[in-house]
Amino acid sequence: MKAIFLRVERITTHASMYFACAMLALAAALGLFQIITRFVLEEPAEWTEVMIRFSLIWMVFMGIPMAFRQGAMVSVDVLHRWAGPRMKRVLDTVVMIASLTLVAVIIIVGWDYSLRGKVQTIIGLEEYSMFWAYIAMPLGGVFSVLGIVGNFLDPMRMELETAQ
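Going by this note's numbering, the final residue of the sequence shown carries number 1410, and the count climbs one at a time with no gaps.
Right, here's the structure in full:
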């Protein structure tokens, strides 16, 4: 069961990271497009600023699961280095519970925010509702839950391994 969960978690975490990378590339491309239309063609495309902002929001919330999975999000480095094997597991459990609590709040509030945003339209893209921007919070939160539990079951301490 653990192996199946970790396999599913690995797939979803990598998919969310690829999506986050795509959103960063989109933001960069839209920024370049905005510069060209504004300063070269002198006809600014007002929708690009909004799309850049939303792609960065999506990038952050879809990139967080990988940070959780690698153990780089909630970091208690000093305590972890000083603790014995049993205390490390207790510390990992406390960090996991705190992280899951935070992500649960993000999922609940983000879902509520998304539903309330259905009636709002995106400035510059009036045919789309704000739901599509706000849904990044609960969706990223769900992927984060998988990363948090995956890191608890199979710890990866990327920041500890590279620290001097």
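Just so you know, even glycine gets a beta-carbon here, dropped at the ideal spot from N, CA and C.
Three-state secondary structure (DSSP) of residue i
i	result
Leu-1385	helix
Ile-1281	helix
Glu-1292	coil
Val-1254	helix
Ile-1368	strand
Pro-1401	coil
Leu-1287	coil
Gly-1189	Shown here, the chain extends from 1247 to 1410; a query on residue 1189 therefore has no answer.
Gln-1410	Note on Gln-1410: pLDDT 49, under 50, position unreliable in the model; no value is reported.
Gly-1317	coil
Arg-1299	helix
Met-1247	coil
CB-CB length for residue i against residue j, believed under 8 Å
i	j	result
Ser-1345	Ile-1394	5 Å
Ser-1360	Gln-1366	About 11 Å separates the two Cβ atoms, so there is no contact after all.
Cβ of residue i within 8 Å of any chain B Cβ
i	result
Ala-1274	Any reference to chain B falls outside this structure, which holds one protein chain only.
Exposure of residue i, with buried meaning 16 or more beta-carbon neighbours within 10 Å
i	result
Phe-1307	buried
Gly-1396	buried
Ile-1250	exposed
Val-1391	buried
Ile-1369	exposed
Val-1341	buried
Arg-1315	buried
Pro-1384	buried
Residues that residue i bridges to, as DSSP identifies them
i	result
Ser-1375	Thr-1367
**Study point:** Inter-stretch contact at 8 Å, needing at least 3 Cβ pairs: the region 1349–1368 / the region 1267–1280
**Key:** no
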